[in-house]
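*Asks:* Quick note, the sequence shown lines up with residues 3 to 284 if you use our numbering. Just dropping this structure here.
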Amino acid sequence: MAGQPRVCSGIPVLHAHHDSPLDYSHSWWRRLAYSLSAPLIGHLMTDAALFAADATRQQYIQRGWVAAGRALHAPVGVDLAKVRHGRQKRQVTRQRYAIADETILWVQPARLAPEKGQATLLEALAQLSDQQPWHLLLVGDGPAHAMLAHQVAALGLAHRVRLLGALPHDATLDLIHAADWVVLPSHFEYASVALAEALALDTPCLVSDVGDSWPMVGGGALPAAGWGFPADNRAALTHTLARTLTEPGLRALHSQACAARAARLAHSHHLKAVDFCLKKLL
């Protein structure tokens, strides 16, 4: 139906991508349906495709699902002033969750689902020394909640890992602000709004090399606001987490790089990019 206005009346059609056959968490039949329909949509039914993640845009082009000239990119954007306004002091939030000042606090704000990598994160945490003070807070809910709760208990991590469930947005932002590091070990990702919010709050990030996660945190000429590691690689993730424990000064170093990276993800830049893409259709 999307192609009907284009064919019948010449009305330009822009397809905004919010899903992908590249997401391994989908069932096989859904991935097949996507892979069969993607070229049809990209070449016949629409005039252009809009992607929030440049990595996904490049993958679609490489697979021939959309022509390069029709694949447009509008990076994810957040309202920096709104994210920063009214945030509780870090110490207040940490006290609320009984996190001591000397404890390294990792926070993962994400849906609890296999593609978000929480199971791999828990396996990596189980390899860390029990002598060092650290804590993980998982913020979010989803189909993997029960499985992850069982895994936390089975690995003996209940005294260090808490599943907080879904929280109001302001409460989530306060936790991101209070964290020493935001951790996103996703196996599949587009362009994470949570990462943009973390950068806006000067919280450095540990991210897997999927989607636009690393380009947002460490790609390009700007200083890196965190570290990257291979997706679904427990050993690499364990090593990365261990470094945050043994080299605590790196947190302040990477935190200083957050503001410049957040500035590139301001909502105003996103709107300008969308406006540019729309004008290309007219």
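No residue lacks a Cβ here, since even glycine has one placed at the ideal position from N, Cα and C.
According to the neighbour-count rule (16 or more other Cβ atoms, all chains shown, within 10 Å of its Cβ), is L224 buried or exposed?
*Replies:* L224 should be labelled exposed.
*Asks:* With 16 other CB atoms within 10 Å as the buried threshold, where does E117 fall?
*Replies:* E117 is buried by the Cβ-count criterion.
*Asks:* Considering only the beta carbon of each residue, do L16 and L273 sit closer than 9 angstroms?
*Replies:* Not a contact, by the Cβ cut-off of 9 angstroms.
*Asks:* Which runs of the alpha helix (DSSP H) fall wholly inside the stretch 170-245 and span at least 4 residues, in chain order?
*Replies:* 171-180, 195-202 and 215-219, all fully within the stretch 170-245.
*Asks:* On the three-pair Cβ rule with 8 angstroms, is the stretch 232-242 touching the stretch 164-174?
*Replies:* Segments in contact, no.
*Asks:* Taking only runs of the alpha helix (DSSP H) that begin and end inside the stretch 61-97, which ones reach a length of at least 4 residues, in chain order?
*Replies:* If we require 4 residues or more, the alpha helix (DSSP H) runs fully inside the stretch 61-97 come out as 82-86.
*Asks:* Compute the distance between the beta-carbons of G1 and A268, then report whether it is under 9 angstroms.
*Replies:* Limits of the chain in this structure are 3 at one end and 284 at the other, which puts residue 1 out of reach.
*Asks:* Mind checking which residues open and close the alpha helix (DSSP H) that includes G2?
*Replies:* The question about residue 2 has no answer here: the residues shown for the chain are numbered 3 through 284.
*Asks:* According to DSSP, simplified to helix, strand and coil, what is L123?
*Replies:* It is helical.
*Asks:* For G66, does the count of other Cβ atoms within 10 angstroms reach 16, so buried, or fall short, so exposed?
*Replies:* The residue in question, G66, is exposed, as its Cβ has fewer than 16 Cβ neighbours within 10 Å.
*Asks:* Please classify R266: does DSSP put it in a helix, a strand, or coil?
*Replies:* Coil.
*Asks:* Kindly indicate which three-state DSSP category L16 falls into: helix, strand or coil?
*Replies:* If DSSP states are grouped into helix, strand and coil, L16 belongs with the strands.
*Asks:* In whole angstroms, what is the alpha-carbon distance linking R59 and R266?
*Replies:* Taking the straight line from one Cα to the other gives about 19 angstroms.
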